[in-house]
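Participant:
Residue numbers (the numbering used here): 290 to 680.
1. Could you spell out where the beta strand (DSSP E) holding residue 525 opens and where it closes?
2. Of the residues 602, 495, 651 and 461, which one's Cα is nearest the Cα of residue 582?
3. Taking C-beta to C-beta, are residue 474 and residue 326 nearer than 8 Å?
4. Helix, strand or coil: which one does DSSP assign to residue 356?
5. Excluding the 5 residues flanking residue 596 on each side, which residues of the same chain have their C-beta closer than 6 Å to its C-beta?
6. Return the CA-CA distance between residue 594 and residue 572, expressed in angstroms with no decimal places.
7. Cutting at 6 Å between CB atoms, please list the residues of its own chain near residue 558, excluding the five before and the five after it.
8. So residue 494 and residue 574 are in contact, right, with Cβ under 8 Å, and what is the actual spacing, rounded?
9. DSSP puts residue 620 in a beta bridge; with which residues?
10. If you check the beta carbons only, do residue 509 and residue 459 fall under 8 Å apart?
11. Can you name, in chain order, every residue of its own chain whose Cβ lies under 8 Å from the Cβ of residue 329, other than the five neighbours on each side?
12. Relative to the C-alpha of residue 409, which residue among 537, 570, 352 and 331 is closest?
13. Are the region 422-440 and the region 361-371 touching by the rule of at least three beta carbon pairs closer than 8 Å?
14. To the nearest angstrom, report how far apart residue 679 and residue 350 are at their CA atoms.
15. Just how far apart, CA to CA, sit residue 389 and residue 668?
16. Report the rounded CA-to-CA distance for residue 414 versus residue 527, giving the unit in angstroms.
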């Protein structure tokens, strides 16, 4: 999931064509939406296989193919489109869309996908491939990529993940309209690899929560989530530019006992770097030639995250964001302190990810303790409520 983009709020008015929403109930959308996922970006060639009947469409018309087929598409010499090794289109042009019959599945470069595949122009003469897929089928592939294969004892957490992933996806509809898709298939949005990672438990959780999303007031929430919070989640403004009411720091622990995510392998971590590497890295993040005299960390007293590093040099005072430090040193989170250790500097920290929104390891432990998906959502997104957009 993308962890460093600006947050958005989606007024429900943009969905007026599909239904109405009130605080106490929802008139459902007329049908499940289709999402456009960028599954291949600026690749030199594409191979799409269909195991049954399908249709190839382009600007010049449609061509039914009443048998299995392998399409090889390359932008060389204009545009080359072959079916089972033979040229089948005269003067083909992009975009090309391959739509399977109900019983047919498509493979892109060997990976199976539900829905349709569209080949569009990329940059630098490359090709993009967009998977047009019903939202629930998209979630079959997202949920296991984001929270793992699942098991019976954490079903409530998997259901909460499905609600979060659905809310996130819908809140990003049209985000990349100019590029021809809605959402990426990697950490810039949500991880998705088609059918490759689908599991029984995750599919069951998606089906059990069909159409359910989370709201704050009358707005669909931008449901951010991460692996491990370390015992306290972060404020949205610790990571992005502005505060969001339902994405504020909370203690992630029961009244008595250790934090919910304390069993995560990322709950506590350490990283030792040499002083030479440390100061060379910092030097690259301040004006060239500046000689570092001293530095200190500014830490949010509530969320415990590093907001910024303040560096004093012969050229003045410089600020480096905590998120930039995390990236530069390859740290798991911005919850850390720095201590001298002989010839090096030791980062001691907690958690993995940006820390905003739902802690996945925490949600799994809450599920093991009998908490419902609804309660998990309300715990991590303060003031949120759950409603159904479609059936």
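Beta carbons: idealized from backbone N, C-alpha and C, even for Gly.
Facilitator: Reading off the structure:
1. Going by DSSP, residue 525 is part of no beta strand (DSSP E) but of the alpha helix (DSSP H) stretching over 525-528.
2. For residue 582, the nearest C-alpha among the options comes from 602.
3. In terms of Cβ geometry, residue 474 and residue 326 form a close pair [threshold 8 Å].
4. Taken through DSSP and simplified to helix, strand or coil, residue 356 comes out as coil.
5. Only 587, 589 and 611 meet the Cβ criterion.
6. Spanning the two alpha carbons is a distance of roughly 22 Å.
7. Only residues of its own chain outside the window of five on either side were considered, and among them 621 and 638 have a CB closer than 6 Å to the CB of residue 558, listed in chain order.
8. Not a contact, Cβ separation roughly 42 Å.
9. Partner residues in a beta bridge of residue 620, as assigned by DSSP, do not exist.
10. Yes; because the gap between Cβ atoms is below 8 Å, this pair is in contact.
11. Exclusion of the five residues before and after residue 329 leaves 335, 397, 398, 416, 417 and 418 as the residues of its chain whose Cβ lies within less than 8 Å of its Cβ.
12. When the alpha-carbon of residue 409 is set against those of 537, 570, 352 and 331, the nearest one is in 331.
13. They do not touch, by the three-pair rule.
14. If you take the alpha carbons of residue 679 and residue 350, they lie about 33 Å apart.
15. Looking at the two C-alpha atoms, the distance is approximately 42 Å.
16. Distance between the alpha carbons of residue 414 and residue 527: 39 Å.
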